[in-house]
Amino acid sequence: MLAQYSDWFYIAAVAVYVLAMVLHAYAQAAVRTRRPVLVGAGGTPADIPAAEEQPARAVGARAANMGVSVAVLGALLHLASIVARGLATERWPLGNMYEFISMITFAAVVTWLVMLRRVPAARSAAPWVLLPIVVLMTLGGTALYTAAGPVMPALRSYWLPVHVTAIAISSGLLIVSGVASILFLLRSGSGVPAAIAERMPTADVLDRVAYRVMIVAFPLYTFAVVAGAVWAEAAWGRFWGWDPKETVAFVAWVIYAAYLHARATAGWRTGRAAWINIAGLTTMIFNLFFINLVVAGLHSYAGVG
Amino acid sequence: MVDSLERPAPGPVRTSPFAVLRNAWRGLTSMRTALVLLFLLAVAALPGALLPQRSLNLNLVDQYFTDHPDLAPLMDRIGLFDVFAAPWFAAIYLMLMVSLIGCVLPRSVEHLRALRTPPVATPRNLGRLPHHATGPVDGTPDEVADRVRALLRGWRSAERTEERAGAGVREFSAEKGYLREAGNVLFHLAMVGLLVGFAAGKLYGYEGSVIIPVGNQFCNSGILGYDSFRAGLRVDGTELEPFCLRIDQFEASYRADGQAADYRAEIGYQTTSDLDEGSTAEWRPATLAVNAPLRVDGLRVYLMDHGYAPRFTVTFPDGQQRTGEIQWRVVDPSTLLSEGATKFERPGITDEEQRRTSQLAITGLFAPTSSGGDVVTSVFPALRDPEVAVDVLRGDLGLDDGRGQSIFQVDQRQIESGALQRVARANLVPGQEITLDDGTVIRFDGVNQWVGVQVSHDPGQDWVLVFAIAVLIGITLSLTIRRRRFWVRLQAADTEGRTVVELGGLARTDRAGYGEEFDRLRAELLGPEKKDG
Ligand code: HEM
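Protein chains in written order, with UniProt numbering: chain A, 1 to 305; chain B, 1 to 533.
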């Protein structure tokens, strides 16, 4: 029963996120009317908004505000889905890949919403941030879906909620940071049509978002890895054994350390650092999918198939 | 600012060996080198995740050799199947360590020095700073100075008075966020400690696993007692921590679909000091469970797996009896279908040749909950309906030829050569027996359980945890604290009883957000209105 509700909430959350994306995209499309109107009005100085433009702008702003509210609603549904799942299974709802992805994407949405308060100028990146979240959730809800059930004994420990929750939340943060770095590169490069690039936040804002999220994500991720080691010591007989999942987690950690170093190295601070951040994100995603599903290891309890 | 962390690039190469050394050192301890080394480390670790590793799974490595007969030996030669023991891997992290130490020691010294020097003097032109504001306020310079002092509580600050244009100019310079640098230094030093602790564990630690049937005991007296043993580089196995263990009881519970719900083993143990005192009659009770090892005497004892040991009694034609009970190994973890070989030697035979050729082996499959029917398979892991499907082999087991033999199998070569022959095949439930052609009777008595136990010793482990916690504290301080500076200049205004206040602010680290704090300080001193800069 509860499990069924959890699934419905999940589907509703995805749908609502898509709606938020559409609203944000619409808000940005509305801004486009500006230039044609300016040209049409002939000779209107660019810094004085044309009369016709006002409504379009207002509509855009309203759509964007609605987009944020709708995303908040989505996050509430998402949270309800996670809680219902936990109640239905009578355990911490992080026992398989479906639940893990649900937690990661929830963390990413919340991170994004918090970031919007801190850096309002980042709002126009919303569709791009929501896109990977919706894609991940769709994957999680279909191909990787697992019906509610208990977990294997090795997973039953106090460290499970601690370790896995920390990993999931930091992964959500790292996704937001990584997407900001991708957008930063798109924004500052020349490969993207100006019509799209101009509607993104400025490169400077994107760079700041990437870094500000990272300084929370990295310590949390470090903590998650340490908590994993503490748990492995109790469950598997050693705190670190270079199991494939551990190894890739280590690689990702080293790459993120390199990102932070790059932030303090002349000539590496922005562009190259962004590439490193993307390499880190790639490694995290690789760890989530490839290592869980393809490479056998102690961590392979993904609970799929 | 951030760039000042950069060391100067190595200068042009001079000829003196000292200069060469110094340049090499500078190169090794530069930020750019650290970056490159971090990348190298990441790349070097990757094959450890993507290729099968000996330390994790020998079978997969063998499989890889079979699948890629040309490539695998070459890959093996450069250590790709033992990445984390490969010299090139060690080289990278040693270089990183050296670079780290070379980098962080001078920084610690610098930081200590910075802690003892007052904040830098107020720049002449505060208007050039990223944050600045100016305006007249009510109050004499003395009164305003009091306000500034109150405001700067919690900052490290210094106050100077300068004569300029015939009037006293007061200057305050303040700095905050020293913990950031301290956190950074702590983080890097703790990394060194963590790596040293990790390495120490690898050198002086060991790990052995052994199967113990319920009711039996085991002592940590030497490598030979173990079924498998992994010794650290500095461990020769002669001085293991003395320790004994007895398995009293084992219980597993399963869900309806056969998935394991819980395991636990009730055990007794004797510590090093128990053994030293000779009090070997007493056993201290303990419970081993999943996620709950026994920690004692620097050893950790884990319950790793479990299985069954069928018991057979052989009654030979002359009336002599032998009972054998040895663990069979699990072939299907979900149903605990097991296979094994219980071996017997006929007692009371003096003729060497005859003794050797009348050995017996009971081999086959054991199902804890049998499906019934002719072909025995297991449908559930618990001991509900046990049944064995056995082949009885008689002849020369090949135990005497000096080669080690698996306890779970008979030597296939002996069967191929005809030295070992099948003399019976049957499915038995407990209590049932079969009679061989020579009158020997084999009875399947029942089943015992065994547990697989791992004994681990890692002297570096506690240190690794301590340093890991230090790493966490360090990184959190270092990333969340902002190092920032704030300056105030007070000058009497032309109007009596008013003061011109000039403010400047600079965030020394790569973090946005100082603006808000500066705005707050400005609002306190100048009032909220006068927004400037
Ligand atoms: C095991 C190797 C290393 C790791 C894992 C590592 C990791 C990190 C991390 C995560 C940070 C970010 C924290 C912060 O900004 O304070 C950092 C900062 C820093 N690291 Fe390292 N590091 C390593 C080696 C080195 C080496 C060899 C150097 C010397 C060149 C170095 C110099 C620095 C400096 C100067 C910062 C400060 C950057 C800033 O203030 O933003 N690190 N390191």
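No residue lacks a Cβ here, since even glycine has one placed at the ideal position from N, Cα and C.
Contact between the segment 192 to 204 of chain A and the segment 252 to 266 of chain B is not established, with fewer than three Cβ pairs separated by less than 8 Å. Not a single CB atom of chain A sits nearer than 8 Å to the CB of residue 421 of chain B. For residue 143 of chain A, there is no enclosing alpha helix (DSSP H), since its DSSP letter is neither H nor E. Within the segment 31 to 42 of chain B, the residues whose Cβ lies closer than 8 Å to any Cβ of chain A are, in chain order, 31, 32, 34, 35, 38, 39, 41, 42.
Contact between residue 204 of chain B and residue 459 of chain B holds: their C-beta atoms lie close to 5 Å from each other, under 8 Å. Across the set B:157, B:423, B:444, B:435, the C-alpha of B:444 shows the shortest separation from the C-alpha of residue 429 of chain B. Rounded to the nearest whole angstrom, the CA to CA distance from residue 68 of chain A to residue 17 of chain A is 10 Å. In the DSSP annotation of this structure, the continuous segment of the beta strand (DSSP E) that includes residue 337 of chain B starts and ends at 337 to 344. Looking at the DSSP output, residue 206 of chain B sits in a beta bridge with B:231, B:457. Going by beta carbons, residue 272 of chain B and residue 241 of chain B fall inside the 8 Å limit.
Secondary structure note for residue 332 of chain B: its beta strand (DSSP E) is the uninterrupted segment 329 to 332. Residue-level contact by beta carbon holds for residue 291 of chain B and chain A, with a gap shorter than 8 Å.
Listed by position along chain A, the residues whose Cβ is nearer than 8 Å to that of residue 304 of chain B are 237.
With respect to the 8 Å criterion, residue 4 of chain A and residue 124 of chain A are not classified as neighbours on the basis of their beta carbons. Selection B:515, B:497, B:43 evaluated against residue 252 of chain A yields B:43 as nearest (Cα-Cα). With respect to chain B, the C-beta atom of residue 147 of chain A has no partner C-beta closer than 8 Å. As the crow flies, the alpha-carbon of residue 193 of chain B is around 23 Å from that of residue 215 of chain A. Distance from residue 421 of chain B to residue 393 of chain B at the Cβ level is roughly 7 Å; contact confirmed, criterion being Cβ atoms closer than 8 Å.
Residue range 159 to 188 is occupied by the alpha helix (DSSP H) that includes residue 179 of chain A. Under the DSSP definition of a beta bridge, residue 131 of chain B partners with B:505. Each of B:131, B:364, B:407 was checked against the Cα of residue 390 of chain B, and the nearest Cα belongs to B:364. If the five residues before and after residue 207 of chain A are omitted, its C-beta is found closer than 6 Å to the C-beta atoms of 184, 270, all from its own chain and listed in chain order. In this structure the segment 135 to 155 of chain B does not touch the segment 68 to 79 of chain B; the number of beta carbon pairs closer than 8 Å is below three. Contacts between residue 55 of chain B and chain A, judged by CB atoms closer than 8 Å, involve 241, 242 in chain order.
Using a CB distance cut-off of 8 Å, residue 255 of chain A counts as an interface residue toward chain B. When DSSP reads this structure, residue 449 of chain B sits in a beta bridge with B:308. Residue environment: residue 242 of chain A is assigned as buried (16 or more neighbouring CB atoms within 10 Å of its CB, all protein chains considered). Identification of chain A residues near residue 475 of chain B by a Cβ-Cβ cut-off of 8 Å yields 218, 219, 222, ordered along the chain. In the DSSP assignment, residue 364 of chain B is bridged to B:340, B:390.
Under DSSP, residue 99 of chain A shares a beta bridge with no residue. The alpha-carbon of residue 276 of chain A is positioned some 6 Å away from that of residue 259 of chain A.
Your pair residue 335 of chain B and residue 381 of chain B checks out as a contact, with CB atoms roughly 6 Å apart and the cut at 8 Å. Under a 10 Å Cβ-count criterion, residue 527 of chain B is classified as exposed, with fewer than 16 other Cβ atoms of the shown protein chains found around its own Cβ. Taking the C-beta atoms as reference points, residue 484 of chain B is found nearer than 8 Å to residue 506 of chain B. Residue 173 of chain B places its beta carbon less than 8 Å from that of residue 120 of chain B.
The C-alpha of residue 257 of chain B lies about 24 Å from the C-alpha of residue 6 of chain A.
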